[in-house]
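Worksheet for the structure shown next.
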Amino acid sequence: MNRNAEMFSYQLKKERRKRTGFIILFFICLYIFINIVITYLVYPVCQNSLSMIPDVPEKSAVMVSPVVSNYSRGDIVLLKERKSFSKNFFKKQADIFIRFFTAQQISIFEKSDLPSTKPHLRRIVGIPGDTIYMRDYVLYIKPAGEKHFLTEFEIVENPYNVTFFVPPADWDTEIGVKGSFDEITLGYDEYFVLADNRKSSDDSRLWGAVKSEDIKAKVLMCYFPFKNFRLF
Numbered sequence: 000m001n002r003n004a005e006m007f008s009y010q011l012k013k014e015r016r017k018r019t020g021f022i023i024l025f026f027i028c029l030y031i032f033i034n035i036v037i038t039y040l041v042y043p044v045c046q047n048s049l050s051m052i053p054d055v056p057e058k059s060a061v062m063v064s065p066v067v068s069n070y071s072r073g074d075i076v077l078l079k080e081r082k083s084f085s086k087n088f089f090k091k092q093a094d095i096f097i098r099f100f101t102a103q104q105i106s107i108f109e110k111s112d113l114p115s116t117k118p119h120l121r122r123i124v125g126i127p128g129d130t131i132y133m134r135d136y137v138l139y140i141k142p143a144g145e146k147h148f149l150t151e152f153e154i155v156e157n158p159y160n161v162t163f164f165v166p167p168a169d170w171d172t173e174i175g176v177k178g179s180f181d182e183i184t185l186g187y188d189e190y191f192v193l194a195d196n197r198k199s200s201d202d203s204r205l206w207g208a209v210k211s212e213d214i215k216a217k218v219l220m221c222y223f224p225f226k227n228f229r230l231f
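In numbering that gives the first Met the number 0, the protein residues as written are 0 to 231.
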């Protein structure tokens, strides 16, 4: 009787160890899978500012992909933070895990709320070879090899909306973000990005053109709130 009880207890412990090992293995595989997904495939990002209104409203969520690297005029992209903080391997992995489940909004190691310390969404309006200028917050584009300028709205394949600022007659044009600038030509691997909210957002008007290495991912869709669902 005692021998049978001992055998039963041994089998029970063996099954428990096997179950525990399976659970641990499952979470290890899940962690690896999540890292692969958010590094190479797709992940969510929450838009917490008014910089991309009206097409990407404040408090909306978008899905982005780092896989897509062919950028066109009109694409919305996630730019890397312009100031970064150094983290060791373990902190970086923990940060990746937490960012994934919080749509990139919570980091346990980065406490700064400065815009330059966080990735941010902007729209590509100029690509390498383009000659561009801005008048009254509207961008005019002459593609490489062309003779005439067209507005950004005439030249893009997929239409989008922007928010303009109509200043009063006595407005000092030196105040705020520039609504006009003279012609510039984009060089190799240079992209000109603008916020859709042209009146109060920082973008290439302040920092100049960005390079492909400054682009973290391309926005595929806005999926929340559901009334604002759209593909990009």
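All C-beta atoms in this analysis are idealised placements derived from N, C-alpha and C, irrespective of residue type, glycine included.
Annotation for Leu205: the continuous alpha helix (DSSP H) segment containing it runs 203-206. Ala143 sits exposed, since fewer than 16 C-beta atoms from the chains shown fall within 10 Å of its C-beta. A check of alpha carbon separations from Val137 across Ser179, Asn34, Val55 identifies Ser179 as the nearest. Three or more Cβ pairs closer than 8 Å define a contact, and the region 141-161 meets that threshold against the region 58-73. Under the DSSP assignment, Glu151 falls in the alpha helix (DSSP H) whose first and last residues are 151-154.
When the Cα atoms are used, Phe228 and Thr130 turn out to be separated by approximately 33 Å. Three or more pairs of CB atoms, one per stretch, sit closer than 8 Å, so the region 50-69 contacts the region 192-202. According to the DSSP secondary-structure assignment, Val218 is paired through a beta bridge with Val63.
Using a Cβ distance threshold of 9 Å, Pro127 and Leu77 do not count as a contacting pair. Looking from the CA of Leu219, the closest CA among Tyr190, Thr19, Ala60, Val192 belongs to Ala60. By the C-beta density criterion, Gly207 is exposed, having fewer than 16 other C-beta atoms within 10 angstroms.
For Val176, no beta strand (DSSP E) encloses it, and the DSSP letter there is neither H nor E. The DSSP-derived three-state label of Val41 is coil. Taking 9 Å as the cut-off, the beta carbon of Pro43 is found closer than this to the beta carbon of Tyr222.
Cβ-Cβ distances below 7 Å link Lys79 to Pro118, Asp213, Lys215 in the same chain, with the five nearest sequence neighbours on each side left out; the list follows chain order. Bounds of the beta strand (DSSP E) holding His119 are 119-125.
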